[in-house]
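Chemist: Take a look at this one; I'll ask things after.
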Amino acid sequence: MAKQLNLLPKGQVITTALHTEMQRSYLEYAMSVIVGRALPDVRDGLKPVHRRILYAMHELGLTPDRPYRKCARVVGDVLGKYHPHGDQSVYDALVRLVQEFSCRYPLLAGHGNFGSVDNDPPAAMRYTETRLAPISYEGMLAEIGDETVEFIGNFDNSQQEPTVLPAQLPFLLLNGCSGIAVGMATNIPPHNLGELVDGLIALIDQPDLSDQKLWEIIPGPDFPTGGEIVGKSGIREAYSSGKGGILLRGVANMEEIAPTRGTKRRTAIIITELPYQVNKAGWIEKVADLVNQGRIQGISDLRDESDREGMRVVIELKRDTNPQELLQRLYQQTALQSNFGAILLALVDGQPRQLSLRQMLQEFLKFREETLNRRYGYELGKAESRLHIVSGLLKALSQLDELIDILRHAADGTTAKMSLCSRLDLSEAQGDAILAMPLRRLTSLEQHNLQQEFEELSAQIGSLQILLSDRRELLKTLKKDLRSLKRKYNNPRRTKLLTPNKEAAKLQPKIAETTQNTPSSQPPEPVVLDFSHRGYVRRLQTSGKKSKLENGLPDHDFIIQSDVTATDQELLVITSSGKVYPVNIGDIRPTTGRSPRGTPLITMLSTTAQGNQEPVVSRLVLPENREAQQLIMLTKEGRIKRLLLGELTNLTRRGITILKLKENDQLLFTQLASPKENLILASSGGRLLKFAADDQQLPVMGRTAMGLQALRLLKHQQMVGCVTAAGEDHLLLVTEEGYAKRLPVSYLKRAERGNLGTQALKFASKTDHLVAMLQAIASTEIAVVTNKDRVIRVPVETVPILTREGHGESVFDLQRDERIITVMAICQ
């Protein structure tokens, strides 16, 4: 073994535990990201990159009254002097400061293409031009030269940069901010300038002002793209705790579209405003996709008529389409209604803190008061220094003959200065000023001007001393500055605030015309719910069930489930993720002759389920004797669980999880069962397992349990069926290559849960496998769906009854390379 080299002198090796070094290093990295990149400062509301952009432009002299300068020049200065990161990151930050749809009060003025609300990219930095906007120049940088803030060295100590800009307005709340740091994030909404100024003045006048009165002055965010905020609970939660969800909606109006040749007058929904940060082009594409998928019905045309005057998206409706119902669908399934998750997190004294609205305003007032003290202290020092010089000049001019005599007999400047200081009782600074004074200052007019300047300086010093010694006077000046900025830059609120009562009044009159038969207006009505293979639900009156059962369904769709229920009952929809969502049956739109397919069931679920596009596994109308039955759930990887139906009551629209799943597993089958029934499971390898669904074989578990192993699966196998059946029933087995047979349940022996099961089907080829096991019900049909999206219907009686050893017969007319992927029973 080679001898280890000792390259370091003795005593220079420090032994450190790995986890200690990792913890220290990661914390240092995290804090550098938090402080140096991701989070804004509560004082000026800026991240370092934005602060450096504004200060670099101030140094370049890009004031609002100067010509625009290429953005590439600005980016170059920022990179070379203050921000040694990527040029694209700096340009992206600069672009956002220009965009009127991103900032409520843009801090930069732009010339050129800086992107659009359609998420169009901005032009390259060599083409666009920029300069400071008036509000940022006056409200952010006007006092930068008055020693109001601290300066530090840049990354190489070749330049000085401010640690914070002397903001005169709470820009953190004016324009908002979003950022993701290490282990934390911020998302502050923008606000209206006039409301914030009024809130600040109210806090100055009444520091103990109640939160309720403060929220009346600042009722909520004001987004640059307008929109509507529904309800105040989210706003109050965010303002009180620093975190809350704010429900945003776009602005929609109803218009009558004038008829053209060959068409009739139609109703259209006009979208004029979208929620903050919603991409208009992406939203239109999403609506079009939902229409093409059949998840939104009733739209005949969708077009974008936006121009320089503003946004206008036209959604033309088909005849007999209820506009308010369609608008509710758009709210539920698209970003026309979205939730803004407010997190009021910012840096306070270099540390991240989650603040309430009051705390944010108080922190700004504290900083502004400190800034004014520094500014007035600096001005006082300058005024006193100048007054000292002016008083010396006046004193010398009052003894002009002696002054001339001293200068005439002085050998040099140093001697003259010493003589002036000793004979006229002057300071060295006054002596230097007298020696530097030109002869024209000896005239009577110049002496008068000096006397006037002396008086003005004395008055200014007196005023500054009052401001610095009397806090009330200082706060008066602060309020005066705020009111001045409000007069210059305030504009009307863009985002409307809707209370629940206003929202109900807005929608109720038109909805009432089409909801007269709902449970809220009439007694419960018996109805029939039909569920189709393609995911539609139809609500029919019981008297019209037989006549309307198949009307209007396309050839590739068919009814797979039919339930008799009432409008005051609840439908439970269970998805493959192991979640159950409630649907009020009275909310399902009655099916008419004009839309016989019904409504896509997915559109009745929460926006979370729609966004995740979770496949629906089963639809369950809860029976009246729910306590006597349980729900059996079987997953793809063979986990099984029994749950009491009593657990599925009082559900919220968000749904609940009723089965915990592993990462690659999913729920495939559900079945209602009682403890006395036989449960039969099938695997893709053709093995069937029959056991009792009792407490011994399958104990009842809670909602968060994962379940037990149902059947031992061999490699590359999965579960393909789960039914309850009596001894005289038959099972229907179907393979991928089109072989099928009926098997009597009595041919299967009861076994223990978790066993390998009984081989109940032989395969004609090694590549074949079982795809489905159903209960074979006489006088019914089954439908198989192939990989070529063909639907083949076969009567159950045509499938032969065979023993466990047979592989069945080919009863489906399959084409070459065609395989069966789904098998379902058609509901008669």
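The letter at position 274 of the sequence shown is residue 274 when you use full-length UniProt numbering, and the numbering goes up by one with no holes. Positions of the beta carbon are idealized from the N, C-alpha and C atoms, including for glycine.
Could you check the C-alpha separation between residue 836 and T649 for me, to the nearest Å?
Modeler: Coverage of the chain is limited to positions 1 through 828, which leaves residue 836 absent and any answer about it impossible.
Chemist: Step through the CB atoms of chain C and report whether any lies within less than 8 Å of the CB of L498.
Modeler: Among the protein chains of the structure shown there is no chain C, as only one such chain exists.
Chemist: Name the one or two DSSP bridge partners that I152 has.
Modeler: Working through the sequence shown from its first residue, we reach residue 152 at position 152. Paired residue(s): E161.
Chemist: With the cut-off set at 8 Å, would you say I820 and G685 are in Cβ contact?
Modeler: Working through the sequence shown from its first residue, we reach residue 820 at position 820. Working through the sequence shown from its first residue, we reach residue 685 at position 685. Not in contact: I820 and G685 (Cβ atoms no closer than 8 Å).
Chemist: Terminal residues of the continuous beta strand (DSSP E) containing N755?
Modeler: Taking the sequence shown and counting its residues from 1, the one referred to as residue 755 is at position 755. From DSSP, N755 is part of no beta strand (DSSP E); its letter is neither H nor E.
Chemist: With DSSP as the reference, please indicate the residues paired to E228 in a beta bridge.
Modeler: On the sequence shown, residue 228 is found 228 positions in, with the first residue counted as 1. For E228, which the question treats as bridged, DSSP gives the partners R249, K496.
Chemist: Under 6 Å Cβ to Cβ from H769, same chain only, skipping five residues before and after it: list those, please.
Modeler: One-based indexing of the sequence shown puts residue 769 at position 769. Excluding sequence neighbours, H769 sits near S684, E736.
Chemist: Flag this pair as yes or no: are the beta carbons of M633 and T592 separated by less than 8 Å?
Modeler: Start at 1 with the first residue of the sequence shown, and residue 633 comes out as number 633. Start at 1 with the first residue of the sequence shown, and residue 592 comes out as number 592. Inclusion of M633 and T592 in the CB contact set at 8 Å is not warranted, their separation being larger than that value.
Chemist: Run through the DSSP bridge pairs and tell me what R654 is partnered with.
Modeler: Here residue 654 refers to the residue found at position 654 of the sequence shown. R654 is not bridged to any residue.
Chemist: Quick one: residues in its chain with C-beta nearer than 6 Å to the C-beta of Y276, no 5 flanking neighbours on either side, listed in chain order?
Modeler: In the sequence shown, residue 276 corresponds to position 276, counting from 1. Around Y276: F223, T225.
Chemist: Give me the Cα-Cα distance between V811 and L761, rounded to the nearest whole angstrom.
Modeler: Counted from its first residue, the sequence shown places residue 811 at position 811. Counted from its first residue, the sequence shown places residue 761 at position 761. Their Cα atoms are separated by approximately 16 Å.
Chemist: Measure from the alpha carbon of N449 to the alpha carbon of each residue in Q775, C827, L394, then state which is nearest.
Modeler: Counted from its first residue, the sequence shown places residue 449 at position 449. Checking every option, the nearest Cα to that of N449 belongs to L394.
Chemist: If you draw a straight line from the C-alpha of I229 to the C-alpha of M57, how long is it?
Modeler: Within the sequence shown, numbered from 1, the residue matching residue 229 stands at position 229. Within the sequence shown, numbered from 1, the residue matching residue 57 stands at position 57. When rounded, the distance between both Cα atoms is 36 Å.
Chemist: Using a 10 Å radius around the Cβ and a threshold of 16 neighbouring Cβ atoms, would you call I315 buried or exposed?
Modeler: Translated into positions along the sequence shown, residue 315 becomes position 315. By the Cβ neighbour-count rule, I315 is buried, with 16 or more other Cβ atoms within 10 Å of its own.
Chemist: Taking one C-beta from the region 144–158 and one from the region 459–472 each time, how about it: are there three or more such pairs within less than 8 Å?
Modeler: no
Chemist: Beta carbon of E256, beta carbon of T267: below 8 Å?
Modeler: As a first step, residue 256 must be located in the sequence shown, where it is residue number 256. As a first step, residue 267 must be located in the sequence shown, where it is residue number 267. Their beta carbons are under 8 Å apart, which means E256 touches T267 by this criterion.
Chemist: Can you tell me the Cβ-Cβ gap for F691 and E728, rounded? I've got them flagged as a contact below 8 Å.
Modeler: As a position in the sequence shown, residue 691 is number 691, starting the count at 1. As a position in the sequence shown, residue 728 is number 728, starting the count at 1. Incorrect: roughly 18 Å between the Cβ atoms, too far for contact.
Chemist: Compare the Cα-Cα distances from N491 to each of V197, L274, D65, G638 and report the closest residue.
Modeler: As a working note, residue 491 is residue 491 in the sequence shown. Of V197, L274, D65, G638, the residue nearest in Cα terms is V197.
Chemist: Assign A505 to one of two classes, buried (16 or more other C-beta atoms within 10 Å of its C-beta) or exposed (fewer than that).
Modeler: Mapped onto the sequence shown, residue 505 falls at position 505. Since pLDDT at A505 reaches only 44, below the 50 mark, its modelled position is unreliable, and the value read off the structure follows with that caveat. Exposed is the call here.
Chemist: Return helix, strand or coil for T186, following the three-state DSSP convention.
Modeler: To locate residue 186, count along the sequence shown from 1; it is residue 186. T186: strand per DSSP, three-state reduction.
Chemist: Looking only at DSSP bridge pairs, what is M701 linked to?
Modeler: Locating residue 701 in the sequence shown gives position 701, where the first residue counts as 1. Note: M701 sits in no beta bridge, so no partner.
Chemist: Just the Cα atoms here: how many angstroms apart are Q541 and K676?
Modeler: As a working mapping, residue 541 is identified with position 541 in the sequence shown. As a working mapping, residue 676 is identified with position 676 in the sequence shown. Approximately 35 Å, taken between the alpha carbons.
Chemist: Within the continuous beta strand (DSSP E) that includes M633, where are the two ends?
Modeler: Taking the sequence shown and counting its residues from 1, the one referred to as residue 633 is at position 633. Here the beta strand (DSSP E) through M633 covers 630–635.
Chemist: Is N119 buried or exposed, if buried means 16 or more other CB atoms sit within 10 Å of its CB?
Modeler: The sequence position of residue 119 within the sequence shown is 119, counting from 1. It is exposed - the Cβ of N119 has fewer than 16 other Cβ atoms within 10 Å.
Chemist: Buried or exposed: where does E216 fall if 16 or more other Cβ atoms within 10 Å of its Cβ makes it buried?
Modeler: Counted from its first residue, the sequence shown places residue 216 at position 216. Counting Cβ neighbours within 10 Å, E216 comes out exposed, since fewer than 16 surround it.
Chemist: Using the Cβ count rule (16 or more neighbours within 10 Å means buried), how would you classify E363?
Modeler: Residue mapping note: residue 363 aligns to position 363 of the sequence shown, counting from 1. Burial call: buried.
Chemist: Run the CB neighbour count on S398, radius 10 Å, all protein chains shown included, and call it buried at 16 or more, exposed below.
Modeler: As a position in the sequence shown, residue 398 is number 398, starting the count at 1. Burial call: exposed.
Chemist: Excluding the 5 residues flanking A532 on each side, which residues of the same chain have their C-beta closer than 8 Å to its C-beta?
Modeler: Locating residue 532 in the sequence shown gives position 532, counting from the first residue. According to the sequence displayed, residue 532 carries Ser and not Ala. Here the set comprises R538, L553, D557, F558, I559, I560, R597, G598.
Chemist: Starting from R538, follow the beta strand (DSSP E) in both directions and report where the run begins and ends.
Modeler: Residue numbering aside, residue 538 sits at position 538 when the sequence shown is read from its first letter. Unbroken beta strand (DSSP E) run through R538: 536–541.
Chemist: Buried or exposed for K476, please, with buried defined as at least 16 other CB atoms from any protein chain shown within 10 angstroms of its CB.
Modeler: Walking along the sequence shown from the start, residue 476 turns up at place 476. Exposed, because fewer than 16 other Cβ atoms sit within 10 Å of the Cβ of K476.
Chemist: Within 10 Å of its beta-carbon, does F171 have 16 or more other beta-carbons around it, so buried, or fewer, so exposed?
Modeler: Here residue 171 refers to the residue found at position 171 when the sequence shown is read from its first residue. The residue is buried, with at least 16 neighbouring Cβ atoms inside 10 Å.
Chemist: Can you give the Cα-Cα distance for D401 and L457, rounded to whole angstroms?
Modeler: Your numbering for residue 401 matches position 401 in the sequence shown. Your numbering for residue 457 matches position 457 in the sequence shown. For D401 and L457, the distance between alpha carbons rounds to 27 Å.
Chemist: Distance check for R589 and G45, CA to CA, integer angstroms please.
Modeler: Stepping through the sequence shown from its first residue, residue 45 is reached at position 45. Stepping through the sequence shown from its first residue, residue 589 is reached at position 589. Computed Cα separation, rounded: 49 Å.
Chemist: At what residues does the beta strand (DSSP E) containing Y91 begin and finish?
Modeler: Here residue 91 refers to the residue found at position 91 when the sequence shown is read from its first residue. Where Y91 is concerned, there is no enclosing beta strand (DSSP E), although the alpha helix (DSSP H) it sits in stretches over 87–98.
Chemist: I think I585 touches T567, with their Cβ atoms under 8 Å apart; what is that distance to the nearest whole Å?
Modeler: Position 585 of the sequence shown, counted from the first residue, corresponds to residue 585. Position 567 of the sequence shown, counted from the first residue, corresponds to residue 567. Correct: roughly 5 Å between the Cβ atoms.
Chemist: Flag this pair as yes or no: are the beta carbons of D41 and L347 separated by less than 8 Å?
Modeler: Stepping through the sequence shown from its first residue, residue 41 is reached at position 41. Stepping through the sequence shown from its first residue, residue 347 is reached at position 347. Yes, they are a contact pair.
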